[in-house]
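Below: the structure, in structure tokens.
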Amino acid sequence: MRWLPAFPTLNTSLAPAADAIVTIDIAVSPIVDKGGSMNFLRRVFPIAGLVFAAGSLSGCNILIPDVAADSPARFVQETSPVFYQPPGVDPRRVRPIPDQPVPQTRELYKTQFHQTYGLPVSNPVHMAMYGAVRDEDFTLPAIPVSRVQPQFLRQEVDYQTTERPGTVIVDTKAHFLYFVEENGKAMRYGVGLGRDGYAWSGRGVIQWKQKWPRWTPPVEMVSRQPEVRAFSAENGGMNPGLQNPLGARAMYIFKDGQDTLYRIHGTPDWQSIGKATSSGCVRMLNQDVVDLYDRLPAKAEIVVM
1 MRWLPAFPTL
11 NTSLAPAADA
21 IVTIDIAVSP
31 IVDKGGSMNF
41 LRRVFPIAGL
51 VFAAGSLSGC
61 NILIPDVAAD
71 SPARFVQETS
81 PVFYQPPGVD
91 PRRVRPIPDQ
101 PVPQTRELYK
111 TQFHQTYGLP
121 VSNPVHMAMY
131 GAVRDEDFTL
141 PAIPVSRVQP
151 QFLRQEVDYQ
161 TTERPGTVIV
171 DTKAHFLYFV
181 EENGKAMRYG
191 VGLGRDGYAW
201 SGRGVIQWKQ
211 KWPRWTPPVE
221 MVSRQPEVRA
231 FSAENGGMNP
241 GLQNPLGARA
251 MYIFKDGQDT
261 LYRIHGTPDW
271 QSIGKATSSG
281 CVRMLNQDVV
291 DLYDRLPAKA
301 EIVVM
């Protein structure tokens with residue numbers, strides 16, 4: 001007697017939204033083969049086909065539609081953002097940050113080097129202040145601010161003085177020019193000053209100011225420096241321009257109604273700032289003298305000390 005499978009039964013276990021797992025349980029029953037080979041083949045072939053189909057299904061994924069994906073509650077749960085919350089902090093009890101006033105001034109970098117392994121800092125504020133700029137018929141070249149000592153660059157500082165706002169104060173020892181502002185503030189500029197014996201000090205008035213002035217060296221300078229005779233008053237002076245020693249602006253200092261022959265003016269020689277190299281005038285970077293020119297009121301007082 002042989003035991004042959006009579007009929008296969010399929011048991012299917014399906015998990016939601018997962019691959020189908022198909023198992024085949026084959027029930028067997030005793031069949032007495034009385035020698036008929038055709039009867040045997042009729043039974044074996046269907047069973048072999050079912051076994052082959054079951055083996056093929058074992059490597060397939062039976063896709064079952066996930067009806068829960070259309071649930072709004074599940075969509076919110078899966079797509080809602082997750083924010084970091086420190087342990088022990090209730091976001092409902094945290095007070096909002098109070099509004100703060102927008103600063104009207106910006107602190108400039110106080111050093112030339114700041115965590116750059118010895119490389120100069122590129123300050124965007126300085127680059128904007130001292131970059132190339134078109135002025136009237138001329139283009140002022142950019143100042144290499146990385147090669148200028150930081151204290152001589154334009155900046156607003158605390159400055160206590162009894163002089164009224166709008167007054168110009170020149171500190172000859174520190175090589176600073178201050179334009180006095182309100183509330184104990186001043187705009188500070190680095191300047192170049194006259195050599196020993198050529199400096200002027202005292203109190204005066206800036207009688208008038210001029211854009212892109214013509215340079216006419218005084219007679220005393222012509223006698224000391226014959227090379228400037230070509231620009232003397234009798235020869236018409238030197239035309240305005242980028243190489244003019246007075247630079248982009250000039251402010252003329254008077255005392256008791258008389259011209260002192262001393263000026264506050266720009267210079268194409270930016271390396272002279274912070275030094276005593278001039279013939280007595282107060283030199284400024286061209287970008288700085290333009291800034292001072294725009295701030296200066298008419299008949300402003302000046303103190304050189």
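Residue 287 in UniProt numbering is what sits at position 287 of the sequence shown, and the numbering runs on without skipping anything. Using N, Cα and C, we set each Cβ at its ideal position, and we do this for glycine too.
Nearest candidate by alpha-carbon position, reference residue i, set the options
i	options	result
histidine 265	Pro72, Lys173, Tyr189, Tyr159	Tyr189
phenylalanine 179	Ser232, Arg295, Pro226	Arg295
lysine 209	Asp259, Glu163, Glu182	Asp259
valine 290	Pro268, Phe254, Arg229, Ser272	Pro268
tryptophan 200	Ala132, Ala142, Ser278	Ser278
glycine 184	Gly274, Val222, Thr162, Val145	Thr162
methionine 221	Leu261, Val191, Gly247	Leu261
glutamate 301	Lys275, Glu156, Gly204, Lys255	Gly204
lysine 211	Ala250, Pro141, Pro297	Ala250
asparagine 235	Thr216, Gly241, Leu242	Thr216
Cα-Cα separation, residue i to residue j
i	j	result
leucine 153	threonine 139	20 angstroms
asparagine 123	cysteine 281	30 angstroms
aspartate 135	lysine 173	32 angstroms
leucine 292	valine 304	16 angstroms
tyrosine 252	leucine 285	17 angstroms
proline 213	isoleucine 206	15 angstroms
glycine 257	valine 170	20 angstroms
alanine 73	methionine 129	58 angstroms
tyrosine 159	methionine 127	25 angstroms
serine 272	glycine 194	10 angstroms
glutamine 151	glycine 274	9 angstroms
tryptophan 270	alanine 186	22 angstroms
valine 133	asparagine 244	17 angstroms
arginine 164	phenylalanine 254	19 angstroms
proline 167	glutamate 182	According to the sequence provided, residue 167 is threonine. The question's proline does not apply to it. Distance between the alpha carbons of threonine 167 and glutamate 182 is about 11 angstroms.
phenylalanine 113	aspartate 137	Residue placement at phenylalanine 113 cannot be trusted, given a pLDDT of 43 that sits under 50; the coordinates are not used to answer.
isoleucine 143	asparagine 239	23 angstroms
glutamine 77	valine 145	57 angstroms
residue 368	glycine 192	Residue 368 is absent from the model: the chain starts at 1 and stops at 305.
alanine 276	histidine 175	9 angstroms
isoleucine 24	phenylalanine 75	In this prediction, isoleucine 24 scores a pLDDT of 47, lower than 50, which makes its location untrustworthy; no coordinate-derived value is stated.
leucine 177	valine 157	12 angstroms
alanine 233	proline 141	28 angstroms
Outcome for residue i when other beta-carbon atoms lying within 10 angstroms are tallied against a minimum of 16
i	result
lysine 299	exposed
aspartate 288	buried
valine 231	In the sequence under discussion, the amino acid at residue 231 is phenylalanine, which differs from the valine named in the question. By the 10 Å Cβ count, phenylalanine 231 comes out buried.
threonine 79	exposed
glycine 202	exposed
arginine 263	buried
glutamine 225	exposed
glutamine 155	buried
leucine 246	buried
alanine 248	buried
arginine 283	buried
valine 219	exposed
N- and C-terminal bounds of the alpha helix (DSSP H) containing residue i
i	result
aspartate 225	A small fix is needed here, since residue 225 is glutamine in this sequence, not aspartate. Element bounds for glutamine 225: n/a, residue is neither H nor E.
methionine 129	124-129
threonine 216	Where threonine 216 is concerned, there is no enclosing alpha helix (DSSP H), given that its DSSP letter is neither H nor E.
glutamate 78	72-79
Enclosing beta strand (DSSP E) for residue i [first to last residue]
i	result
threonine 172	Careful: threonine 172 lies outside any beta strand (DSSP E) and carries neither H nor E.
arginine 283	282-285
arginine 147	Per DSSP, arginine 147 belongs to no beta strand (DSSP E) and is neither H nor E.
glycine 190	185-190
alanine 142	That residue, alanine 142, is in no beta strand (DSSP E); it is neither H nor E in DSSP.
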